[in-house]
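Colleague: Provided herewith is a single structure, encoded as structure tokens, for subsequent inquiry.
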Amino acid sequence: AQRVTQPEKLLSVFKGAPVELKCNYSYSGSPELFWYVQYSRQRLQLLLRHISRESIKGFTADLNKGETSFHLKKPFAQEEDSAMYYCALETSYDKVIFGPGTSLSVIP
Amino acid sequence: DGGITQSPKYLFRKEGQNVTLSCEQNLNHDAMYWYRQDPGQGLRLIYYSQIVNDFQKGDIAEGYSVSREKKESFPLTVTSAQKNPTAFYLCATQATRNTGELFFGEGSRLTVL
Chain E
1 AQRVTQPEKL LSVFKGAPVE LKCNYSYSGS PELFWYVQYS RQRLQLLLRH ISRESIKGFT
61 ADLNKGETSF HLKKPFAQEE DSAMYYCALE TSYDKVIFGP GTSLSVIP
Chain P
109 DGGITQSPKY LFRKEGQNVT LSCEQNLNHD AMYWYRQDPG QGLRLIYYSQ IVNDFQKGDI
169 AEGYSVSREK KESFPLTVTS AQKNPTAFYL CATQATRNTG ELFFGEGSRL TVL
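Going line by line, the protein sequences match chains E and P. Counting from 1, position 66 in the first sequence corresponds to residue 66 in this note's numbering; the numbering is continuous, with no gaps. Counting from 1, position 55 in the second sequence corresponds to residue 163 in this note's numbering; the numbering is continuous, with no gaps.
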């Protein structure tokens, strides 16, 4: 069965500190992995996808197929990074499933 | 303003009543999705549709029904068979298959009294 897990419900870091939001998945096929973000009073939106291998707002994520992980990282957290972050998996059958989310709070 | 429109934003219903949530898009996207968002559980997939007149069950389809008669519309009916219907419902679209990015509506909050 396909599944996405995010072990931390809440994560607090100080401004300027590194941040890592963990994501693990289970899927027997070739996965497409994404990170979505929801800022306060805004719609859920795409942050980045593994296939693009890009850095958005200083965030990066590397797909590790051996560990079935797709952790989101940023070297220096900013206050505006405070939001809800969801890891998502798209299967070969076009089904997109999400993890439970991690609420990131950046302390000034 | 184009995009995805969900209505109503807030809805109250009595137990035993069916209710339909609307999702309309003018993005000309092929795929549409319905999710349920509960605190601590993230987004759970209810139904999804890749093309008109076709849709598939997600992980929590029991007690829900959908239709996809038009490309622009993907209404969700919450039936009386849904045991715990009070939730926040999100509709999303995707341009074409396997392109990844989902675009979300603002959501509808359903409260069963």
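Backbone N, C-alpha and C fix where the C-beta goes; we use that ideal spot for every residue, glycine too. Remember, it's a predicted structure, so these values are computed and weren't measured experimentally.
List the whole-angstrom C-beta distance separating Q133 (chain P) from I159 (chain P), where the pair is believed to meet the contact cut-off of C-beta under 8 angstroms.
Modeller: Incorrect: roughly 14 angstroms between the Cβ atoms, too far for contact.
Colleague: Any beta carbon from chain E within less than 8 angstroms of L119 (chain P)'s own beta carbon?
Modeller: No, L119 (chain P) does not count as interfacial toward chain E.
Colleague: By the criterion of Cβ-Cβ separation under 8 angstroms, what are the contact partners of L218 (chain P) in chain E?
Modeller: The contacting residues do not exist; L218 (chain P) stays about 18 angstroms from chain E at best.
Colleague: Between E:I97, E:R53, E:T91 and E:P31, which has its C-alpha nearest K73 (chain E)'s C-alpha?
Modeller: Out of E:I97, E:R53, E:T91 and E:P31, E:R53 has the C-alpha closest to the C-alpha of K73 (chain E).
Colleague: In chain E, what lies closer than 7 angstroms to E214 (chain P) by C-beta?
Modeller: What E214 (chain P) touches in chain E: R43.
Colleague: Kindly indicate which three-state DSSP category S52 (chain E) falls into: helix, strand or coil?
Modeller: S52 (chain E) falls in the helix class under three-state DSSP.
Colleague: Taking the C-alpha atoms as reference points, what is the distance between Y93 (chain E) and G208 (chain P)?
Modeller: Whole-angstrom Cα-Cα distance: 12 angstroms.
Colleague: Any idea which residues DSSP pairs E20 (chain E) with across the strands?
Modeller: Looking at the DSSP assignment, E20 (chain E) forms a beta bridge with E:K73.
Colleague: Does the beta-carbon of I97 (chain E) have 16 or more other beta-carbons within 10 angstroms, so that it is buried, or is it exposed?
Modeller: Under this definition I97 (chain E) is a buried residue.
Colleague: Can you list, in chain order, the residues of its chain with a C-beta nearer than 8 angstroms to that of T219 (chain P)? Leave out the 5 residues immediately preceding and following it.
Modeller: Cβ neighbours of T219 (chain P) beyond the five flanking positions: Y118, L119, F120, R121 and T194.
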